[in-house]
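One line per chain: the protein sequences are A and B, in this order. Sequence positions in the first sequence follow the numbering used here and run 18 to 298. Sequence positions in the second sequence follow the numbering used here and run 72 to 266.
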Amino acid sequence: MNNEEIEINILLNAIQLKYGYDFTQYADASLTRRIHKSLADSGYNRISEMITPLIHDKEFFNVFLNNLTVNVTEMFRDPPFFHNLREKVIPYLKTFPFIKVWSVGVATGEEVYSLAILLKEEGLYDKALIYATDFNDTVLEAAQKGIYPAQSIKTSTRNYQKSGGKHSFATYYHADYDSVIFDRALKKNIVFANHNLATDGVFGEMNLILCRNVLIYFNRELQDRVLKLFHDSLRTNGFLCLGTRETIDFSTVVDAFVPIKKRLRIFQKKRDQTQEISDEG
Amino acid sequence: MKVDFSAVVIGVSAGGFQALHTLLPLFPKAFPSPVIVVQHRMAGEDDFFIDSLNNKSRLTVKEAEEKEEIRPGTAYIAPGGYHLLVEKDHTFSLSVDEPVCYARPSIDVLFETAARVYGSHLVGIILTGANSDGSNGIKTIKQGSGLTIAQDPETAEVNLMPLSAIATHCIDFILPLEEIPSFLTNLVEDTHDNS
Chain A
18 MNNEEIEINI LLNAIQLKYG YDFTQYADAS LTRRIHKSLA DSGYNRISEM
68 ITPLIHDKEF FNVFLNNLTV NVTEMFRDPP FFHNLREKVI PYLKTFPFIK
118 VWSVGVATGE EVYSLAILLK EEGLYDKALI YATDFNDTVL EAAQKGIYPA
168 QSIKTSTRNY QKSGGKHSFA TYYHADYDSV IFDRALKKNI VFANHNLATD
218 GVFGEMNLIL CRNVLIYFNR ELQDRVLKLF HDSLRTNGFL CLGTRETIDF
268 STVVDAFVPI KKRLRIFQKK RDQTQEISDE G
Chain B
72 MKVDFSAVVI GVSAGGFQAL HTLLPLFPKA FPSPVIVVQH RMAGEDDFFI
122 DSLNNKSRLT VKEAEEKEEI RPGTAYIAPG GYHLLVEKDH TFSLSVDEPV
172 CYARPSIDVL FETAARVYGS HLVGIILTGA NSDGSNGIKT IKQGSGLTIA
222 QDPETAEVNL MPLSAIATHC IDFILPLEEI PSFLTNLVED THDNS
C-alpha cells in the first residue's frame, strides 16, 4: 500500500466509525478522484489532515459527503430509456389496481420527478406510491424541494420531448428568476426516505425499481449485494431498470431476470414457476 | 532510447473521427499494450463509430465496459456520456461525475487515473481538438515519469488541443499522426533489444 492508499483507508475507516457510512466497497478510482477534489477545496495538504475536521465538524463532513457522492443529472436522462419505459413497462403496470415504485439513489431528485411526470401522463400516478431514497439527508431535502437552476431546463425539456412526453414541459414547473420549481402535486405520492444500499435491507413488494448509474460506483461484491437486494424487493414480474452501461451478467441473480430491452437495461423478474400471473391482480 | 510501457492513452476531440480512422489501423495486430481512447462525443453515437474503426483496424476495437479487464492488442473507446477510469487491478470503471472542461468522457479523468495505475509505464497522446481537455492529464502523466506525445499541430484538423498540451511544457515528442504507431512500436523493440 502506498502512503495515499493508507491515508484513504484510515479516512474511510474514521467515517465509518463516526457516521456509519461504508465506502470501503466503492470503486477506487472515482472515490480517490473525489477525495482529492475535497482535499483541494478544503485547503489542507494531505488527505490524512482531513480526518480531524471530518470527525469533529459535522458541517465539514456534510460538505465532504456531498462532494463524494452527489451527481447533478438532468431530467429524462437517456430519453430512449424513458420512451421504452412508457411503451414497454407502463402498459403492464396499468393492469394493476395499485403499484409501488422505488427510485434508488435519487440524489437531487431529477429522476424521480421525471418518473412522476411519466406516471401522471399515463394515468398511473394516482394509484402509485413512489419511494425515493438516498443515503444522504442533505440531498434528500434538496430533492424534496424540487428546485433546479433555470439553465438546466433547456436540456430537460429537450429530453422530455425526445422521450415521448405528451404535453408542454413548462406545465410542470414555475420559473422564478434563476430557478424553476416543480409542481407540488408531483410530490403528493412520493415518499422521500433515507436508505443506504451498502448497509440497509430489503424495501418490499415493488412493481418497479429504478437505479440508474449508481452501481457503477461500487465494486463487484457490493454490486452483487445490491442486485440481490433488488431481486428480493421486487414482486414477481416486477421491473428493474439500470443505467445503460450497467450489467447484471456477473451477478448471482442473473437467471432470475429476463431482459425486456437489453440495450437499455430494462429487466423483468421472472414469474415463480408455482405462481400464476393472475395472483398479481 | 528505452521505454517500457504497459498502456497507451489517447485523447482526441474535434476532428477525431478522421484522426482515429487514420491512426488506429496503423497499429500492428500484436501491439503489446492496450490502447485506451477518449474521443469527445455525445451519448448514443457509439455503435457506428466503433464498428467502423474495428472493421478498419488489426487491433480489436471495442467500447470499454464497466469492470472489464484491460488487455493488450485491444483499443478501448470510452462510452459517450460517461467518464472512463482505470482501476488499480487493471480494470475499467465508469462514472457520471460532472463534466470536466465541458466534456464527459473527459481526457483528463482517463489520463489522471491511468497515471495513478501505470506510472512511468504509461504513454499519453493528445490529438486534434478544439478544447483544452487533456492538458492537466498530460501534466499528471509527466509527473509520474510517463511518456507524452502531442500530434503535430500543423497536421491536426483542429490545433487547439495539441497546442494547449504543448503549452504545458510537459510534452516529450511532437509527431505527425501517421508516425505515432511506428514510433511506439520502435520504442518497444528498442526496449526488448536492450533488455
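C-beta atoms are modelled at their ideal positions from N, C-alpha and C, and glycine is treated no differently. From a predicted model like this one, the values you see are computed outputs, not experimental measurements.
Boundaries of the alpha helix (DSSP H) in which A/E238 is found, first to last residue: 237-250
Close beta carbons around A/P97, own chain, < 7 Å, minus the five adjacent residues each side: L281
Reduced DSSP secondary structure (H/G/I, E/B, other) of B/P150: coil
C-beta neighbour in chain B for A/G298, strict 9 Å: With a pLDDT of 34 at A/G298, under the threshold of 50, the modelled position of that residue is not reliable, and no figure is offered here.
Residues within the stretch 45-59 of chain A neighbouring chain B, beta-carbon criterion of under 8 Å: D45, A46, S47, T49, R50, R51
Cβ-Cβ distance between A/I107 and A/L136 below 9 Å: yes
Range of the contiguous alpha helix (DSSP H) that encloses A/P70: 68-73
Within-9 Å CB hit, B/Y173 to chain A: no
Min CB distance A/S169 to chain B below 9 Å: no
Closer than 9 Å at the beta carbon, the chain A residues around B/L193: Here the premise fails: no neighbours, minimum Cβ distance about 14 Å.
For B/F88, the three-state DSSP class (helix, strand or coil): helix
Spatial neighbours of A/S55 in its chain, beta-carbon cut-off 6 Å, leaving aside the 5 residues before and after: F81, N84
N- and C-terminal bounds of the alpha helix (DSSP H) containing B/S166: It is not in any alpha helix (DSSP H) - B/S166 instead sits in the beta strand (DSSP E) that spans 163-166.
Through-space distance from A/F77 to A/K35, alpha-carbon basis: 13 Å
Run of the alpha helix (DSSP H) containing A/G37, from where it starts to where it stops: Per DSSP, A/G37 belongs to no alpha helix (DSSP H) and is neither H nor E.
Neighbour list for A/R237 in chain B, Cβ cutoff strictly below 8 Å: K138
Closer than 9 Å to chain A by CB, B/R187: yes
Contact set for B/V259: own chain, Cβ-Cβ below 6 Å, skip 5 residues either direction: P103
Chain-ordered neighbours of A/N230 on chain B, where CB pairs are closer than 9 Å: Y153, L165, S166, V167
9 Å Cβ cut-off: residues of chain A touching B/K159: E22, D45, A46
Span of the alpha helix (DSSP H), counted from its first residue to its last, around A/L227: Unbroken run through A/L227 is the beta strand (DSSP E), 223-228; no alpha helix (DSSP H).
Three-state secondary structure (DSSP) of A/V80: helix
Unbroken stretches of the beta strand (DSSP E), 3 residues or longer, contained in the stretch 88-171 of chain A: 116-121, 145-151, 164-166
Any chain B beta carbon closer than 9 Å to A/Q285: no
Stretch-stretch touch, CB-based, cutoff 8 Å, three pairs: the stretch 73-83 of chain B with the stretch 257-272 of chain A: no
Rounded C-alpha distance that separates B/S203 from B/S191: 23 Å
The stretch 182-200 of chain A touching the stretch 140-160 of chain A, judged by at least three CB pairs closer than 8 Å: no
Where B/T145 meets chain A, residues with beta-carbon distance less than 8 Å: Ordered by position in chain A, no residue passes the 8 Å Cβ test against B/T145, which lies about 18 Å from the chain.
Within 9 Å, strictly: CB atoms of A/R94 and A/E139: no
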